[in-house]
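Residue numbers for the sequence shown follow the numbering used here, beginning at 180 and rising by one. Glycine included, each C-beta is placed from N, C-alpha and C at the ideal position. Model, not experiment: these values are computed from the prediction. Here is the structure we will look at, set down as structure tokens.
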Amino acid sequence: MSEYLDQDIKFLPGVGPQRAEILKKELEIFTFNDLLYYFPYKYIDRTKFYKISEITNNMPYIQLKGTIFRFETVGEGARQRLIGYFRDDSGVMELLWFQGAKYVKENLRANVEYICFGKPSIFNGKVNMIHPELEPVDSKPITTGIFQAFYNTTDNMKKKFMTSKALNKFQFTLSTLIEGKIAESLPSSLISHLKLMPLPMALRQVHFPENPHLLKTALFRLKFEELFFIQLKILSLKHKREDAFKGFVFSQVGYNLNTFFNQHLPFELTGAQKKVIREIRKDIGSGKQMNRLLQGDVGSGKTLVALMTALIAFDNGYQVCLMAPTEILAIQHYNSIKKMTDGLGITIALLTGSTKIAKRRIIHEQLEDGSLQLLVGTHALIEDKVILQKLGLVIIDEQHRFGVAQRAKLW
180 MSEYLDQDIK
190 FLPGVGPQRA
200 EILKKELEIF
210 TFNDLLYYFP
220 YKYIDRTKFY
230 KISEITNNMP
240 YIQLKGTIFR
250 FETVGEGARQ
260 RLIGYFRDDS
270 GVMELLWFQG
280 AKYVKENLRA
290 NVEYICFGKP
300 SIFNGKVNMI
310 HPELEPVDSK
320 PITTGIFQAF
330 YNTTDNMKKK
340 FMTSKALNKF
350 QFTLSTLIEG
360 KIAESLPSSL
370 ISHLKLMPLP
380 MALRQVHFPE
390 NPHLLKTALF
400 RLKFEELFFI
410 QLKILSLKHK
420 REDAFKGFVF
430 SQVGYNLNTF
440 FNQHLPFELT
450 GAQKKVIREI
460 RKDIGSGKQM
470 NRLLQGDVGS
480 GKTLVALMTA
490 LIAFDNGYQV
500 CLMAPTEILA
510 IQHYNSIKKM
520 TDGLGITIAL
530 LTGSTKIAKR
540 RIIHEQLEDG
550 SLQLLVGTHA
560 LIEDKVILQK
570 LGLVIIDEQH
580 RFGVAQRAKL
590 W
């Protein structure tokens, strides 16, 4: 079935080469599959008809039932427009076309009852609707459901009468051709466990919903599937990365962490902190490179968890870098960590854009010979030619404020 859906959209009955080019250029619909997954942006209740007398400003798209009793061409040149006078038993409104007047006059007839769909407005006290969609009342509806799907189209498409209605017809043709041929994409056990709508039914209902419940269920199934495969791709990339880049094994929990925990811990760890530290211990002891996001409210103890992870790195003979987005924040981290680890004998330095050249030279030397255990800083950590003898852990505060390439420079 995959090969069938990969067919060029021009081969769908009713499309052809010219319309196919419009679909490709305007909507990037190249294949049957592209059309199938081009979903409606809204749905209109087909059972609801308004009267002209009910129209007010700022109304959404609506449908009315009535007849065109006269056509009139007004204006000249670029300002020329065709007006169709449309009436029902409550009043009269103007239907306006600024392009395609010839097509309209050839295809619409006076005194024939039409269903008129569009966005109404009121100008100079007159109700009007620009470039409405019309179909005879006695025309056969595409679907028996109460909802009509509407698809986004461009101005260029509308000028060539490639409207939402045309896309709806293409979808109906396609759904007829592929009926019974769509393969399920998720395991049956998962579908059963989560009570998901089968894929073929979901695709049918999203284009031609029978009722609100089925539409909601179909949308949930399709959204779930999209997120499921995104997550699957992320997990696949994660496993490939773990295989390609091996991490250091932090197997020892020694003097630094034990002394800090027993003598310097400023408060008892929360349950969430203990849980995260256990997870981190598992990661850094696995031999796989850890790439973890630590998330929590302000004051929830994220820095303390990061520090305890750094202490484990020190116990295993590795150096640590902590990068912050601003100099003020870097200084704050430097002072806070220095205070919490006072008495442990850990060597810590601060490197920012304000650090003097002489001081920078000393820091670089200590990093290269391994005597400096923790370097706290700003972008200077990646802008300077910083070389660490044995970097084992990188901590980035407010990582969203750094680019991907910037973060990657540290490891």
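Counting along the chain, the unbroken alpha helix (DSSP H) around residue 514 starts and ends at 506 to 519. Within a 10 Å sphere around the beta-carbon of residue 366 sit fewer than 16 other beta-carbons, which makes this residue exposed.
Annotation for residue 519: 443, 445, 486 place their beta carbon closer than 7 Å to its own, counting only its chain and skipping 5 residues before and after.
The three-state reading of DSSP puts residue 231 in helix, counting H, G and I together.
Nearest neighbour of residue 556 by Cα position, chosen from 538, 528, 535, turns out to be 528. In the three-state reduction of the DSSP assignment, residue 532 falls in the coil class.
In the structure shown, residue 292 falls within a strand segment according to DSSP collapsed to helix, strand and coil. Within a 10 Å sphere around the beta-carbon of residue 336 sit 16 or more other beta-carbons, which makes this residue buried.
Secondary structure at residue 208: coil, using DSSP grouped into helix, strand and coil. Assignment of residue 221 by DSSP, reduced to helix, strand and coil, places it in the strand class. Within the DSSP secondary-structure output, residue 300 pairs in a beta bridge with 307. Annotation: residue 282 is outside any beta strand (DSSP E); the continuous alpha helix (DSSP H) that includes it extends over 280 to 286. Contact annotation: residue 190 and residue 240 have beta-carbon atoms that are not nearer than 9 Å. Shown here, residue 185 sits in coil according to DSSP, grouped into three states, outside any helix or strand. Counting only unbroken stretches of 4 or more residues, the alpha helix (DSSP H) elements lying wholly within the stretch 412 to 488 are 434 to 438, 450 to 463, in sequence order. Out of 273, 224, 256, the CA that lies nearest to the CA of residue 246 is found in 273. Annotation: residue 222 to residue 476 spans about 40 Å, alpha carbon to alpha carbon. Under the criterion of beta carbons closer than 8 Å, residue 235 and residue 280 do not qualify as touching, at roughly 28 Å. Counting C-beta pairs with one atom in each stretch, the stretch 352 to 366 and the stretch 377 to 389 have three or more that are closer than 8 Å, which means they touch.
Residue pairing by DSSP puts residue 244 in a beta bridge opposite 294. About 4 Å separates the beta carbons of residue 421 and residue 467, which is inside the 8 Å limit, making them a contact pair. Residue 353 and residue 470 have their C-alpha atoms roughly 45 Å apart.
A check of alpha carbon separations from residue 549 across 497, 463, 521 identifies 497 as the nearest.
The DSSP-derived three-state label of residue 362 is coil. When the Cα atoms are used, residue 331 and residue 256 turn out to be separated by approximately 29 Å. DSSP places residue 503 outside both helix and strand once states are collapsed to three, so it counts as coil.
Under a 10 Å Cβ-count criterion, residue 480 is classified as buried, with 16 or more other Cβ atoms of the shown protein chains found around its own Cβ.
No Cβ-Cβ contact shorter than 9 Å links residue 543 with residue 573.
Nearest neighbour of residue 294 by Cα position, chosen from 262, 350, 231, 338, turns out to be 231. For residue 523, the three-state secondary structure derived from DSSP is coil. Across the structure, residue 567 and residue 517 are spaced so that their CA atoms are roughly 20 Å apart. Taking every protein chain shown into account, the CB of residue 576 has 16 or more other CB atoms within 10 angstroms, so this residue is buried. Looking from the CA of residue 202, the closest CA among 215, 290, 188, 193 belongs to 188.
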